[in-house]
Amino acid sequence: MAAHNELGKWGEDLAVAYLQEKGYQLIERDWKSGRRDIDIIAKDETGTIVFVEVKTRRSRVFGEPEEAIDYRKMQSLQQAINHYIKFRHINNDVRFDIISIVGTIGSEAEINHIKDVALI
1 MAAHNELGKW GEDLAVAYLQ EKGYQLIERD WKSGRRDIDI IAKDETGTIV FVEVKTRRSR
61 VFGEPEEAID YRKMQSLQQA INHYIKFRHI NNDVRFDIIS IVGTIGSEAE INHIKDVALI
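If you count by this note's numbering, then the sequence shown holds residues 1 to 120, one letter each, in order.
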């Protein structure tokens with residue numbers, strides 16, 4: 001596995017552990033809709049279904065990790081989320097969150113959970 005893929009997997013693993021520590025219930029990981037994917041789907045303590053995009057970077061040299069989610073990525077996420085909601089017949093409230101992680105494998109990471117991000 002390429003180094004950037006290992007870093008991304010490590011970041012997603014940290015994000016799942018972080019969410020579970022906060023009381024979220026993991027529903028799915030890496031759900032695919034064609035070429036689109038949703039990193040994490042979880043349920044919070046209120047029953048809201050939370051779709052989470054995880055961005056992991058080694059440093060902030062090129063900006064905050066969440067800044068890598070551009071307009072095209074937001075459109076793709078919106079389409080994947082809509083497909084998931086229809087496919088699974090979701091009637092719960094839903095929201096979109098971003099978890100950004102800065103660090104390297106084996107080090108202490110900084111985790112920033114940005115809740116209720118507006119999709120396009």
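From the three backbone atoms N, C-alpha and C, an ideal C-beta is built for every residue, glycine too.
Next on the checklist: Which of the three DSSP states is assigned to E21 in this structure?
Outcome noted: In the structure shown, E21 adopts helical secondary structure according to DSSP, grouped into three states.
Item to check | Identity of the residues DSSP links to V102 by a beta bridge | outcome: In the DSSP output, where bridge partners are listed per residue, V102 has R57 and E110.
Next on the checklist: Once the 5 residues before and after S59 are set aside, which same chain residues still bring their CB inside 8 angstroms of it?
Outcome noted: Excluding positions up to five away in sequence, the list reads V102.
Next on the checklist: Let me check understanding here. Comparing Cα to Cα, which of E110, A17, K115 and K9 lies closest to E122?
Outcome noted: No answer is possible for residue 122: it lies beyond the span of the chain, which begins at 1 and ends at 120.
Checklist entry - Short check: CB of I27 to CB of I38, under 8 angstroms? => result No, the Cβ-Cβ distance between I27 and I38 is not below 8 angstroms.
Checklist entry - Under the three-state reduction of DSSP, which class applies to D97: helix, strand or coil? => result Assignment of D97 by DSSP, reduced to helix, strand and coil, places it in the strand class.
Checklist entry - Assuming D122 contacts D116 under a Cβ cut-off of 8 angstroms, what Cβ separation, rounded to an integer in Å, is found between them? => result Beyond the ends of the chain as shown, which are 1 and 120, falls residue 122; an answer cannot be given.
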